[in-house]
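Mapping to the numbering used here: the sequence shown position 292 is 690, numbers consecutive.
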Amino acid sequence: MTEERKMYDIIILGGGPAGYTAALYAARAGLEALVLERLSAGGQMALSHQIDNYPGFEEGIDGFTLADKMKRQAERFGARSRSTEVQAVSLSESPKRIVTDSGEYFAKTVVIATGANPRKLGLPAEEMLLGRGVGYCASCDGMFYRGKTVAVVGGGNTAASDAMLLSRVAKKVYLVHRRDSLRATRVYHEPLEKAENVELCWNCEVTEILHESRVTGLRLRDVRTGDTREISCDGLFISIGRQPVTEFLAGQLPLSPEGYILAGEDTRTAIPGVFAAGDVRQKALRQVVTAVADGAAAVTAAEEFLAGGL
């Protein structure tokens, strides 16, 4: 039997914290587990230069190192990893079939842990300044801006929540939004308007990130008049939503309007034997710690399925 035709008890799509927690729990349960990861271990977590809100690391830890530790721990118990990109899946089949750029893989159960990528502004210096003033997660990196000036771009719940969080640590917070009112739910409006260190920049878009070796400011354009102005800031949080990595599913599973997989806290999806874990799942909070919890829950549910349960 070739490697590609090998039958696994569980295949995990995605090697982030949810994926490698699932691999760890599966391997320790005696299941033959394979992780398929497009890039390196860790997913979005690997891009975080400092993680201070994951328990057990009193001095914090960088995302790349934490990801490598998670991978090594899972592989210590027998989980296997393959660097390959998933192109299509047949989840209703028995066995379930995964088509990748390196061949086909087959499994009795599948955990989808492909994550969600932050939506970007698409500005020239955005990628270069990631970790040097540009960020996508205020709850992850906001503490680095204590006593400094930051800007948040967006008008939805995430942006409003990020601005409120940052207002408690930063000296000043600019909230930049293209419209003249927030799309966020009303519960955020009054607190933001009353916060003395929050300045709402209505009808504005960011046209340029000003920088030297780090972010130094932003150039804003008024979308009504075309007038431009510059503001000084030490950091920029881009909070315009996330894009779940679900395009390869091609309508096989029910998704939310935003593209997230619909699954409960037990991670079970509409297809028996298929589970969704981590940021790809429709949920209220997307953090490393909640992704890890999903990974453990997914394998618990997979074990029940393999034993003849639902």
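Note that the Cβ used here is the ideal one computed from N, Cα and C, for glycine as well. In this text the structure is predicted, and so the values were computed from the model without any measurement.
Considering only residues of the stretch 534 to 573, which uninterrupted beta strand (DSSP E) runs meet the minimum length of 3 residues and lie entirely inside it, listed in chain order? 547 to 551
Sufficient close CB pairs (3 or more, under 8 Å) joining the stretch 464 to 480 to the stretch 435 to 443: yes
Y406 - DSSP class collapsed to helix/strand/coil: strand
Taking the alpha helix (DSSP H) that T419 falls in, what are its first and last residues? P415 to R426
Taking just the CA atoms, how far does P670 sit from V613? 48 Å
With a cut-off of 8 Å on the beta carbons, I'd call P642 and V678 a contact; round off their distance for me. 5 Å
Reduced DSSP category for K518 - H, G, I as helix; E, B as strand; rest coil: coil
Ignore the nearest five residues each way along the sequence and tell me which others in L489's own chain have a CB closer than 6 Å to its CB. Q650, I669 and V672
Are W600 and D578 closer than 9 Å when you measure CB to CB? yes
In the DSSP assignment, what residue or residues form a beta bridge with L634? V532 and A549
Could you name the residues of the same chain whose beta carbon sits closer than 8 Å to that of L618, not counting the 5 residues immediately before and after it, in chain order? V574, C599, C602, E603, V604, T605, T626, R627, E628 and I629
Host alpha helix (DSSP H) of F462 (start-end): G461 to R474
Range of the contiguous alpha helix (DSSP H) that encloses F504: Careful: F504 lies outside any alpha helix (DSSP H), inside the beta strand (DSSP E) at G501 to I510.
Anyone know if the C-beta pair for A674 and A696 falls short of 9 Å? yes
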